[in-house]
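Colleague:
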Amino acid sequence: MTTGLIVALDFPDVDQAMAIARGVRDHVDGFKVGHELLFGPDAAPVERVAGLGLPVFADAKLHDIPATVEAGARQLGRRGARWVTVHASGGRQMLEAAVAGLNEGSEGSAGVLAVSVLTSLGDDDLAAIGMMGEVGDQVSRLVALSASSGVEGVVCAVSEVATAKSTAPGLIAFTPGIRTGKEGVSDDQKRTSTVEEAVAAGSDYLVVGRPITRHSDPAGAAQSIKNQLSDSGMDGMG
Numbered sequence: 052m053t054t055g056l057i058v059a060l061d062f063p064d065v066d067q068a069m070a071i072a073r074g075v076r077d078h079v080d081g082f083k084v085g086h087e088l089l090f091g092p093d094a095a096p097v098e099r100v101a102g103l104g105l106p107v108f109a110d111a112k113l114h115d116i117p118a119t120v121e122a123g124a125r126q127l128g129r130r131g132a133r134w135v136t137v138h139a140s141g142g143r144q145m146l147e148a149a150v151a152g153l154n155e156g157s158e159g160s161a162g163v164l165a166v167s168v169l170t171s172l173g174d175d176d177l178a179a180i181g182m183m184g185e186v187g188d189q190v191s192r193l194v195a196l197s198a199s200s201g202v203e204g205v206v207c208a209v210s211e212v213a214t215a216k217s218t219a220p221g222l223i224a225f226t227p228g229i230r231t232g233k234e235g236v237s238d239d240q241k242r243t244s245t246v247e248e249a250v251a252a253g254s255d256y257l258v259v260g261r262p263i264t265r266h267s268d269p270a271g272a273a274q275s276i277k278n279q280l281s282d283s284g285m286d287g288m289g
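Residue 52 is where the sequence shown starts when you use this note's numbering, and the numbers rise one by one after that.
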């Protein structure tokens, strides 16, 4: 197994995002385009980032009625997204609709990633919104549902990768919340992990934002993570 490095381009301005992307593209395996860019003033953030020649992870986190999600996924597929995220908690019909829409829009070249439990949430947060049990229990339920709905992968914290893999061995695992301990930024994510922990857990793709994009030397920071992956024998895309 190999582990890929996806850089999260969490910027409000697509030109700023493109500048970072151009600077690090020789050191990474793909880019994540999130809400700031997807809902920003530029009409074509996915197309522009995809034009750099690396896969684009459109982190739309779609969650609506099936017909609406299907239409949204179809459009993102047409724009060149390699992966599109949807909330697994939207249910089977919604997940299947997302898969169908994205498959049509991308002509079979893209896959849906199901978001299990946001890394900003802990057990207390789940209880507050009426979800009983621990985060790991909810992840297991949502991963099983997602796998049977035809998604390609799951987005989860490193601490839940083992649960996801044991529940659905065929799914690929994308793990955000990766920290190096050197970034010196405030954190709104509760379930974070190091590169080493992510690799040991079996993550297929690390999704890294602030430790790279807010670093004084983004390319150097990205290469440092790639070196860690190389040292572990996990460098490159799976």
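Each residue gets a CB set at the ideal place from its N, CA and C atoms; glycine is no exception. In this text the structure is predicted, and so the values were computed from the model without any measurement.
Quick check: the stretch 85-94 against the stretch 113-125, are at least 3 beta-carbon pairs closer than 8 Å?
Modeller: Taking 8 Å as the limit for Cβ pairs, the verdict is that the stretch 85-94 does not touch the stretch 113-125.
Colleague: What are the uninterrupted segments assigned as alpha helix (DSSP H) that are 4 or more residues long and contained completely in the stretch 147-187, given in chain order?
Modeller: Those alpha helix (DSSP H) runs which fall completely within the stretch 147-187 and span 4+ residues are 174-179.
Colleague: According to DSSP, is glycine 55 part of a helix, a strand, or is it coil?
Modeller: The count along the sequence shown starts at 1 and reaches residue 55 at position 4. Three-state result, glycine 55: strand.
Colleague: By Cβ distance, which residues of its chain are closer than 6 Å to alanine 251, with the 5 residues on each side in sequence left out?
Modeller: Taking the first residue of the sequence shown as position 1, residue 251 is located at position 200. Excluding positions up to five away in sequence, the list is empty.
Colleague: Suppose you measure from the CA of leucine 196 to the CA of glutamate 158; what does that come to, to the nearest Å?
Modeller: In the sequence shown, residue 196 corresponds to position 145, counting from 1. In the sequence shown, residue 158 corresponds to position 107, counting from 1. Straight-line Cα distance between these residues: approximately 24 Å.
Colleague: Among Gln144, His114, Leu146, Ala109, which residue has its Cα nearest to the Cα of glycine 128?
Modeller: Within the sequence shown, residue 128 is the residue found at index 77, counting from 1. Of Gln144, His114, Leu146, Ala109, the residue nearest in Cα terms is Ala109.
Colleague: Quick check on threonine 170: buried or exposed, where buried means 16 or more other Cβ atoms within 10 Å of its Cβ?
Modeller: Mapped onto the sequence shown, residue 170 falls at position 119. With 16 or more other Cβ atoms within 10 Å, it is buried.
Colleague: At the level of alpha carbons, what is the spacing between alanine 198 and glycine 204?
Modeller: Taking the first residue of the sequence shown as 1, we reach residue 198 at position 147. Taking the first residue of the sequence shown as 1, we reach residue 204 at position 153. Spanning the two alpha carbons is a distance of roughly 8 Å.
Colleague: From which residue to which residue does the beta strand (DSSP E) around valine 205 run?
Modeller: Looking up residue 205 in the sequence shown gives position 154. Residues 204-206.
Colleague: Less than 8 Å between the CB atoms is what I'm expecting for threonine 264 and valine 58, so what's the real figure, rounded?
Modeller: The count along the sequence shown starts at 1 and reaches residue 264 at position 213. The count along the sequence shown starts at 1 and reaches residue 58 at position 7. 7 Å between Cβ atoms; contact.
Colleague: Can you give me the Cβ contacts of valine 150 inside the same chain, cut-off strictly under 6 Å, excluding the 5 residues immediately before and after it?
Modeller: As a first step, residue 150 is located in the sequence shown; it is residue number 99 there, counting from the start. The residues are Val163, Gly201.
Colleague: Smallest Cα separation from serine 281: which of Ile71, Ala72, His78, Phe62?
Modeller: Translated into positions along the sequence shown, residue 281 becomes position 230. It is His78 whose Cα lies nearest to the Cα of serine 281.
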